Amino acid sequence: MSKEKAGMLFFGTAFCLVAIDPTEIRIAVKDGKVPPITARKSVNYLEAGLPHCAGYAVQGSNLYVTGGHWMRKEALDDPAKIPNVESPADGEAVINSKVYVADLTTKSMEFEFSPICKMNAPKNKPKVLEVESKLHVMSNFIQMPESYDTPTFEVYDPNTNRVEALTEPPFFPPRIP
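This is the structure:
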């Protein structure tokens, strides 16, 4: 019997991304408890120097992350505080516009991300979808149109490392100057 190679299953939260191998999931409830599932790879966005609330997608053997907010680690020490955002040292805006990539074929338990390009505008909690080998990135809708930059919808082509603005979605209200 041949064993087909399975892909990774990714779970993302506002602060971390975890990958598990679905072939290793064996759930057997004993004494009413479900055993923990072992992560194959993981990244804590803040510890890795990445923005939180970022969007991610897989294309080929690469994992791409873009958008999100920069945050001070010390703001998380007191859960009663609302985390404060900050501009990173390189002058990037509070909302991130960079695209980062990690190679999924490495044996390391940690993802190792490198910045590869910038979107034309920062993306707030973006939704990222891979379609025909290109990453379509859309900023999450915000109630206050004056608080987001345009273009809100862009496509990134990993083969050419180019970003192109797409037509603004009709459900986004016009930006208030």
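For the sequence shown, position 113 matches number 115 in this note's numbering, and the numbering has no gaps at all.
For every residue, glycine included, the Cβ atom is placed at its ideal position computed from N, Cα and C.
Just so we're clear, the structure is a prediction, and the values are computed from it rather than from any experiment.
Counted within 10 angstroms of its Cβ, other Cβ atoms place residue i as buried (16 or more) or exposed
| i | result |
| --- | --- |
| G57 | buried |
| G9 | exposed |
| S110 | exposed |
| G69 | buried |
| L131 | exposed |
Residue i versus the options, residue with shortest Cα-Cα distance
| i | options | result |
| --- | --- | --- |
| T152 | C119, P171 and S135 | P171 |
| S99 | P38, F113, L52 and E134 | L52 |
| N161 | G62, A167, R42 and H54 | G62 |
| W72 | F155, K127 and V157 | K127 |
| P24 | C55, Y158, E166 and K43 | K43 |
| E26 | D33, K35, A41 and H54 | A41 |
Assumed close pair residue i, residue j - CB separation to whole angstroms, cut-off 8 angstroms
| i | j | result |
| --- | --- | --- |
| C119 | V101 | 5 angstroms |
| F115 | V67 | 6 angstroms |
| N64 | A104 | 7 angstroms |
| K125 | S135 | With a Cβ gap of about 20 angstroms, K125 and S135 do not count as contacting. |
Counting pairs of beta carbons, one from the region 44-51 and one from the region 7-24, are three or more of them closer than 8 angstroms?
-> Contact holds: three or more Cβ-Cβ distances are below 8 angstroms.
Hey, which unbroken runs of the beta strand (DSSP E) at 3 residues or more fall wholly within the region 123-167?
-> 129-133, 136-140, 155-159 and 164-167
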